[in-house]
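Chains as they are written, first to last, in the numbering used here: chain A, 1 to 266; chain B, 1001 to 1266. Think of the CB as a built atom: it goes at the ideal place given N, C-alpha and C, for glycine as much as any other residue. Keep in mind it's a predicted model, so treat the numbers as computed, not measured. First comes the structure, then the notes that go with it.
There are 2 protein chains.
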Amino acid sequence: MSESRLPKDTPLKDLRAAIRAGRYSGHTAGYARGHVQGNVVILPKRWAFDFLAYCQRNPRPCPLLAVSSPGDPTLPELGEDLDIRTDVPRYRVFREGALLDEPTDIRDLWRDDLVTFVLGCSFSFEEALLDAGVPVRHLEQGSNAAMFRTNIMTRPAGPFRGELVVTMRPMPPAAAIRAVQITSRFPFAHGAPVHLADPEAIGIEDLSRPDWGDAVEVRPGEIPVFWACGVTTQVAIANARPELTITHKPGSMLITDLKNAEMTTL
Amino acid sequence: MSESRLPKDTPLKDLRAAIRAGRYSGHTAGYARGHVQGNVVILPKRWAFDFLAYCQRNPRPCPLLAVSSPGDPTLPELGEDLDIRTDVPRYRVFREGALLDEPTDIRDLWRDDLVTFVLGCSFSFEEALLDAGVPVRHLEQGSNAAMFRTNIMTRPAGPFRGELVVTMRPMPPAAAIRAVQITSRFPFAHGAPVHLADPEAIGIEDLSRPDWGDAVEVRPGEIPVFWACGVTTQVAIANARPELTITHKPGSMLITDLKNAEMTTL
């Protein structure tokens, strides 16, 4: 099935069935509106304590939604029937840091010592920003968020270490204040911004040249607002070079049964 | 030095020095006002992933403030000069679940594979409740909080499993509503209540007979309000029976450099 043929309002049950069967392997932005989507990292047990400690120490870039038991492909906290071996549209398989493959399921790679980590992502709060009338330029433009490597070091844990990666969303100051209020309610999805205004203060020299994603214009009267980004884990994993890492392909997230509205704090 | 001779307004630096030297080994409630205090659990590395996963799955009873690297007695996230081997007023040492000793330092027990976990505690939000004029009966009475084992099962992780333990604070309904608002801002210290009113709904048959701590009267016109409690970890550890566990002695917490006001959410 062509990916574009799956309408964005496809019910979650049908969407998950299509993903599980390999019939949908595309991006998940805009699908299953209201549901929490997650970044996925799968590591051998030998690396799991250090990675879990890394997430605990860096909750803004690494807001853990769930960690599986070793060898257990289910994620009962995130969905009754979820199977991490089949329910991500497209995976990435790394060996010692090198990308080897981008399969649509990982049943043949599954091992008894694999531990799954699912981390919240910015889709959750972007939905809330749009609902509140706060502009999200890259969504208006139909492009990816602009992502930048900063000069802020995350707290290391074992071999996992590296710079904080941020997304940037440009907006007028009044909208930035509203965005702080709104995204503070989403600690499970990166939470409040980590910085706003002067990009150089966090080591970003040129906003028109993002390290990942697409350039997004900052218009006169706007300031850039920066949120911690899940790509931070990719940097930390690249530095750690585990013998095996499996992740989602960026943009093709795990869609959970959880609702954003259930997860927001006061 | 007699414990009662250390005034409650002793500066943190002096208080920590007294604790470190074994000159103060008492309760820490009311000391170092404004500072975050923590429950302490120290386990061999072999048990650390499962316990960390247990905390991740049960954030209300187990709000992790920090996890150390194996063998590292420092906790730089919680205080520049903290040393977990000396900076808790009194410890408890368990071997396979049995209490063996209550020393004032654990330098002789330290091993290269020990991992320290520090979890937030209700002292943080009780200070905020009092500041907001919400009554905290057990503090008024100078007694311990009443703690109860519920029929709510926590999410297990490896050998760590068991019932949720709660504290109970009685208050008028209007104060209970205010208490929900206030404690929601303290996710790092158990956060919002897990239940209010009918105790039997969570398996508590007699409020006058707590499983730990002291009985606290519920007066006419008041309802009991229940918060998740750090004693939940003691139940989970007793079920897991690790070969070695070191904890703080209840009431004698680790006092950190962190300020409650820095940690509260929106």
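Three-state secondary structure assigned by DSSP to residue i
i	result
B:H1138	helix
A:W253	Note on residue identity: the sequence assigns Met, not Trp, to residue 253 of chain A. Note: A:M253 maps to coil in three-state DSSP.
B:F1123	helix
B:V1115	strand
B:M1259	Checking the sequence shown, residue 1259 of chain B turns out to be Lys, not Met. Note: B:K1259 maps to strand in three-state DSSP.
A:F186	coil
B:E1217	coil
B:V1166	strand
A:T232	helix
A:P224	strand
A:E65	It is worth fixing the name first, because residue 65 of chain A is Leu in this sequence and not Glu. A:L65 falls in the strand class under three-state DSSP.
A:N58	coil
B:D1211	coil
B:R1023	coil
A:L52	helix
B:R1178	helix
A:D108	helix
B:N1144	coil
B:P1044	strand
B:A1157	strand
B:L1081	Contrary to the premise, residue 1081 of chain B reads as Asp rather than Leu in this sequence. B:D1081: coil per DSSP, three-state reduction.
B:D1131	helix
A:L266	coil
B:D1101	strand
A:I204	coil
Neighbour flag for residue i against chain A, beta carbons, 7 Å
i	result
B:T1265	yes
B:F1160	no
B:Q1056	yes
B:R1075	A quick correction: the sequence has Leu, not Arg, at residue 1075 of chain B. Not closer than 7 Å to any Cβ of chain A, the Cβ of B:L1075 fails to qualify, so no.
B:A1053	yes
B:S1122	no
B:V1067	yes
B:L1006	no
B:L1064	yes
B:S1025	no
Own chain, CB closer than 8 Å to residue i, minus 5 neighbours either side, in chain order
i	result
B:E1243	P1044, R1095, E1096
A:S124	V36, Q37, F186, F188, A189, N260, M263
A:A132	R178, I182
Straight-line Cα distance separating residue j from residue i
i	j	result
A:G191	B:E1140	37 Å
B:Y1024	B:T1086	11 Å
B:D1257	B:C1121	15 Å
A:R33	A:I182	18 Å
B:D1108	B:L1129	40 Å
B:T1074	A:R149	29 Å
A:T167	B:K1249	44 Å
A:D113	A:R161	23 Å
B:R1020	A:L82	49 Å
B:D1014	B:S1252	16 Å
A:N239	A:Y54	13 Å
B:A1018	B:D1198	44 Å
B:C1062	A:P7	41 Å
A:I106	A:Y91	8 Å
A:E77	B:V1134	34 Å
8 Å contact criterion, which residue i and residue j should meet: CB distance rounded
i	j	result
B:P1089	B:G1026	6 Å
A:G22	A:T154	At roughly 35 Å, the Cβ-Cβ gap does not stay under 8 Å, so A:G22 and A:T154 are not in contact.
A:N151	A:G203	3 Å
B:S1184	A:A157	Actually they do not touch by this definition, with Cβ atoms about 29 Å apart.
A:A228	A:V194	5 Å
B:L1052	A:L52	5 Å
Min CB distance residue i to chain B below 7 Å
i	result
A:V134	no
A:A48	yes
A:M1	Because the pLDDT of A:M1 is 44, which lies under 50, any placement of that residue in the model is unreliable, and the number read from its coordinates should be weighed accordingly. Closer than 7 Å: no.
A:L129	no
A:A252	One detail in the question is off: residue 252 of chain A reads as Ser in this sequence, not Ala. False, the Cβ-Cβ gap to chain B never drops below 7 Å.
Contact set for residue i: own chain, Cβ-Cβ below 6 Å, skip 5 residues either direction
i	result
B:A1048	V1115
A:E126	V136
B:P1170	R1137, V1218, E1222, P1224
A:V93	L100, D101, I246
B:E1079	Reading off the sequence, residue 1079 of chain B comes out as Gly, not Glu. Closer than 6 Å at Cβ, skipping near neighbours: T1256, D1257.
A:V216	R137, H138, A146
Own chain residues within Cβ distance below 7 Å of residue i, not counting five before or after
i	result
B:V1231	M1147, V1165, W1212
B:A1176	L1196, I1223, V1225
B:R1210	Note on residue identity: the sequence assigns Pro, not Arg, to residue 1210 of chain B. Here the set comprises A1146, M1147, F1148.
A:L254	Q37, G38, V40, D87, V88, V118, H248
B:D1214	H1138, S1143, N1144, A1146
B:L1012	A1032, H1035, I1255
B:W1110	P1073, R1085
B:L1064	C1055, F1117, L1119
B:P1172	G1221, E1222
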